[in-house]
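Undergrad: Numbering (my numbering), first residue to last: 18 to 409. Note that beta-carbon positions come from the ideal geometry of N, C-alpha and C, so glycine has one too. Nothing here was measured: the structure is a model prediction, and the numbers come from that model. Following this message is one structure expressed as structure tokens.
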């Protein structure tokens, strides 16, 4: 089975962008977050608005594609067991160890006076955030992935049947433009008829509109896995997809920046464009990735294993560093942003390298997949060769 290095690269890039998105939330005007700088910026709002078009859709799409790859080599039971170990174990661990400091520093930021030793036991009162201190915060993404992996499994098993796959591939080979209809249409319908009328909470209960919306990208990722013919059309349309994505953002911002009030059909068209814009940016990223990133690299081999712990750690580090940096009244927003994002990036990588990677129990708690024995031997042989080369 061909290794899709571009998908690996895009996954790494998307999660790194999450770090810069969350750092920008400290300084973004209008959008609320756990801690906020006194001085806020509408330019950071525009940066995050643009990232929000494709950031999470890309992650869910890639996760859906990864599910397709996983089910090719695993039985349904083994697949669910692995999903549990790689998703639910890190989620529970994070809710007890990684996320509580985020809530603690948010409480301090809002004026609470307490020690961490007196705060931490309160999470076991099982009172959900924001009223209580028990939360999964950014780990909602991991929880949703597990739920999609479980409840959509019967659909995945049906789609992977040879009869279904052959029909879909023949359909796309004859009419490649249908690729975009099959990918985009479900998301647009869900967004316009359901999602926009609900509040996004990331809390599972009461978040059905957004949970359904994100799930459509997850399903689309799996769908793209079983239809290789679809990738030919996506790769061939790099220029058009990029241009249309840029045009969609320009049109959206024309209405946003001029504060044009919309109602009726015009409002519906605007909402459709919001959903389509997300897909255009996503497809543009996939097209560019397939064309330019489908190649291995030593950095990618390392990043593939480091990026999941990086995701788990990054927001806690951002909030802790940000809590102290926002109090610096003599520093500008750009300096604060660069400092918080850079230090958070370094500490997230260092956390994996020095506290997770060397210890098997930590790798298990952070969902790092163990290398097969053959690959471990290859890595060991490479280290020996490097050592011999240096000695020579």
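Return helix, strand or coil for residue 410, following the three-state DSSP convention.
TA: Lying outside 18 to 409, the shown extent of the chain, residue 410 is not represented and no answer is given.
Undergrad: Please go through the same chain and pick out, in chain order, the residues whose beta-carbon is closer than 7 Å to the beta-carbon of residue 372, but skip the five residues on each side of it.
TA: For this step, residue 372 is matched to residue 355 along the chain shown. These residues qualify, in order along the chain: 379.
Undergrad: Is the CB of residue 87 under 8 Å away from at least one CB in chain B?
TA: Here there is only one protein chain, and chain B is not present.
Undergrad: What are the boundary residues of the alpha helix (DSSP H) that residue 35 is part of?
TA: Looking up residue 35 in the chain shown gives position 18. Taken as a continuous stretch (DSSP letters only), the alpha helix (DSSP H) holding residue 35 covers 22-42.
Undergrad: Using 8 Å as the cut-off, can you tell me whether the stretch 353-362 makes contact with the stretch 329-337, which would need three or more C-beta pairs spanning the two stretches below that distance?
TA: yes
Undergrad: According to DSSP, simplified to helix, strand and coil, what is residue 58?
TA: In the chain shown, counting from the first residue as 1, residue 58 sits at position 41. Three-state DSSP puts residue 58 in a strand.
Undergrad: Looking at residue 23: is its Cβ nearer than 8 Å to the Cβ of residue 299?
TA: Taking the first residue of the chain shown as position 1, residue 23 is located at position 6. Taking the first residue of the chain shown as position 1, residue 299 is located at position 282. No, Cβ-Cβ distance for residue 23 and residue 299 is not below 8 Å.
Undergrad: Please report the Cβ distance between residue 79 and residue 209, rounded to the nearest whole angstrom; I am assuming they are in contact, meaning their Cβ atoms lie under 8 Å.
TA: The sequence position of residue 79 within the chain shown is 62, counting from 1. The sequence position of residue 209 within the chain shown is 192, counting from 1. Residue 79 to residue 209, Cβ: 24 Å. No contact.
Undergrad: Have a look at the DSSP bridge pairing and note the partners of residue 45.
TA: Your numbering for residue 45 matches position 28 in the chain shown. Its beta-bridge partners are 58.
Undergrad: Quick test of your reading: residue 293 and residue 55, contact by CB under 8 Å. State the CB separation rounded to the nearest angstrom.
TA: Working through the chain shown from its first residue, we reach residue 293 at position 276. Working through the chain shown from its first residue, we reach residue 55 at position 38. That pair is no contact at about 37 Å.
Undergrad: Drop a sphere of 10 angstroms on the beta-carbon of residue 250, count the other beta-carbons inside from all chains shown, and report buried for 16 or more, exposed for fewer.
TA: For this step, residue 250 is matched to residue 233 along the chain shown. By the neighbour-count rule (16 or more Cβ atoms within 10 Å), residue 250 is buried.
Undergrad: Buried or exposed: residue 21, going by 16 or more other Cβ atoms within 10 Å of its Cβ?
TA: By 1-based counting over the chain shown, the position of residue 21 is 4. Buried, by the Cβ-count rule.
Undergrad: With C-beta atoms as the reference, is residue 234 less than 8 Å away from residue 204?
TA: Residue mapping note: residue 234 aligns to position 217 of the chain shown, counting from 1. Residue mapping note: residue 204 aligns to position 187 of the chain shown, counting from 1. Their beta carbons are under 8 Å apart, which means residue 234 touches residue 204 by this criterion.
Undergrad: Quick one: measure Cβ to Cβ for residue 326 and residue 385, integer angstroms, because I've assumed they're closer than 8 Å.
TA: For the purposes of this step, residue 326 is taken as the residue at position 309 of the chain shown. For the purposes of this step, residue 385 is taken as the residue at position 368 of the chain shown. Under the criterion of beta carbons closer than 8 Å, residue 326 and residue 385 qualify as touching, at roughly 6 Å.
Undergrad: Do three or more CB pairs link the stretch 105-118 to the stretch 139-156 at distances below 8 Å?
TA: Two segments are said to touch when three or more pairs of C-beta atoms, one from each, lie closer than 8 Å; by this definition the stretch 105-118 touches the stretch 139-156.
Undergrad: Between residue 176 and residue 222, is the Cβ-Cβ spacing less than 8 Å?
TA: In the chain shown, the residue the question calls residue 176 occupies position 159. In the chain shown, the residue the question calls residue 222 occupies position 205. The beta carbons of residue 176 and residue 222 sit no closer together than 8 Å.
Undergrad: Using a Cβ-Cβ cut-off of 8 Å (strictly less than) and excluding sequence neighbours within five positions of residue 145, which residues of its own chain qualify?
TA: What you label residue 145 is simply residue 128 of the chain shown in a count that begins at 1. Within the same chain, residue 145 has close Cβ partners 151, 152 and 220.
Undergrad: Are the CB atoms of residue 75 and residue 36 within a distance shorter than 8 Å?
TA: Here residue 36 is taken as the residue at index 19 of the chain shown, counted from 1. Here residue 75 is taken as the residue at index 58 of the chain shown, counted from 1. Contact annotation: residue 36 and residue 75 have beta-carbon atoms that are not nearer than 8 Å.
Undergrad: Give a yes or no on whether the C-beta atoms belonging to residue 108 and residue 29 are separated by under 8 Å.
TA: For this step, residue 108 is matched to residue 91 along the chain shown. For this step, residue 29 is matched to residue 12 along the chain shown. Cβ atoms of residue 108 and residue 29: not closer than 8 Å.
Undergrad: Which residues mark the beginning and the end of the alpha helix (DSSP H) in which residue 223 is found?
TA: By one-based count along the chain shown, residue 223 stands at place 206. Looking at the DSSP string, residue 223 is not in any alpha helix (DSSP H), and its letter there is neither H nor E.
Undergrad: Would you mind listing the alpha helix (DSSP H) stretches within the stretch 247-301 that are 4+ residues and don't spill past its ends, in chain order?
TA: 255-274
Undergrad: Which value, in whole angstroms, describes the spacing of the CA atoms of residue 402 and residue 374?
TA: As a first step, residue 402 must be located in the chain shown, where it is residue number 385. As a first step, residue 374 must be located in the chain shown, where it is residue number 357. The predicted model places residue 402 with a pLDDT of 44, which falls under 50 and marks its position as unreliable; any figure quoted below should be read in that light. Roughly 21 Å separates the two Cα atoms.
Undergrad: For residue 34, which residues from the same chain have a beta carbon less than 7 Å from its beta carbon, with the 5 sequence-adjacent residues on both sides left out?
TA: The count along the chain shown starts at 1 and reaches residue 34 at position 17. Correct list, in chain order: 68 and 72.
Undergrad: Considering only C-alpha positions, which residue in the set 354, 370, 365 and 381 is nearest to residue 41?
TA: The count along the chain shown starts at 1 and reaches residue 41 at position 24. Looking at the Cα atoms, 354 is the closest of the given residues.
Undergrad: Let me confirm a value: residue 187 is counted as buried when at least 16 other C-beta atoms fall within 10 Å, else exposed. Which label applies?
TA: Taking the chain shown and counting its residues from 1, the one referred to as residue 187 is at position 170. Residue 187 comes out exposed.
Undergrad: If you run the structure through DSSP and keep just helix, strand and coil, what is residue 169?
TA: As a first step, residue 169 is located in the chain shown; it is residue number 152 there, counting from the start. Coil at residue 169, not helix or strand.
Undergrad: May I ask you to verify whether the stretch 95-104 touches the stretch 254-261, counting CB pairs closer than 8 Å and requiring at least 3?
TA: no
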